[in-house]
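Colleague: Just add 63 to the spot in the sequence shown (first one is 1) and you have this note's numbering.
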Amino acid sequence: MKNLHDVQKLLKKFNIIVYVGKRKWDIELMGIELDNLYHAGVVSKKEYMNAKLILSHEHEVEEEKETSTKDSNRLL
């Protein structure tokens with residue numbers, strides 16, 4: 064697993080498709096679904112940790128985008 068698309072494919076194996084409409088919210092919901100799969104024992108610890116790391120990184124990217132957008136809007 065290397066990127067968000069790979070995490071989506073993992074979730075899709077369990078018939079979980081996440082689309083809320085905002086990428087940041089999608090990432091957050093994917094994290095919740097992943098937690099549930101791990102606690103149910105259907106995802107290995109290695110898969111879980113790797114996917115959580117990817118989700119965390121992608122969430123940070125979205126946070127940075129929001130911050131830079133707010134900063135640029137403040138200048139207008």
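Cβ coordinates follow ideal geometry from the N, Cα and C atoms, glycine included.
Please say whether L97 and L118 have beta carbons closer to each other than 9 Å?
Modeller: Working through the sequence shown from its first residue, we reach residue 118 at position 55. Working through the sequence shown from its first residue, we reach residue 97 at position 34. Contact flag set, yes.
Colleague: Excluding the 5 residues preceding and the 5 following I79 in the sequence, name in chain order all residues of the same chain whose CB lies nearer than 6 Å to its CB.
Modeller: Position 16 of the sequence shown, counting from 1, holds the residue named residue 79. So the qualifying residues of the chain are E96.
Colleague: Quick check: the Cα distance between T132 and H68, rounded to an integer number of angstroms?
Modeller: Along the sequence shown, one-based indexing puts residue 132 at 69. Along the sequence shown, one-based indexing puts residue 68 at 5. Taking the straight line joining both Cα atoms gives about 24 Å.
Colleague: How big is the Cα-Cα spacing for L73 and R86?
Modeller: The sequence position of residue 73 within the sequence shown is 10, counting from 1. The sequence position of residue 86 within the sequence shown is 23, counting from 1. Cα to Cα, the separation comes out at about 17 Å.
Colleague: With DSSP collapsed to three states, give me the class of Y82.
Modeller: Here residue 82 is taken as the residue at index 19 of the sequence shown, counted from 1. Here Y82 sits in coil by DSSP.
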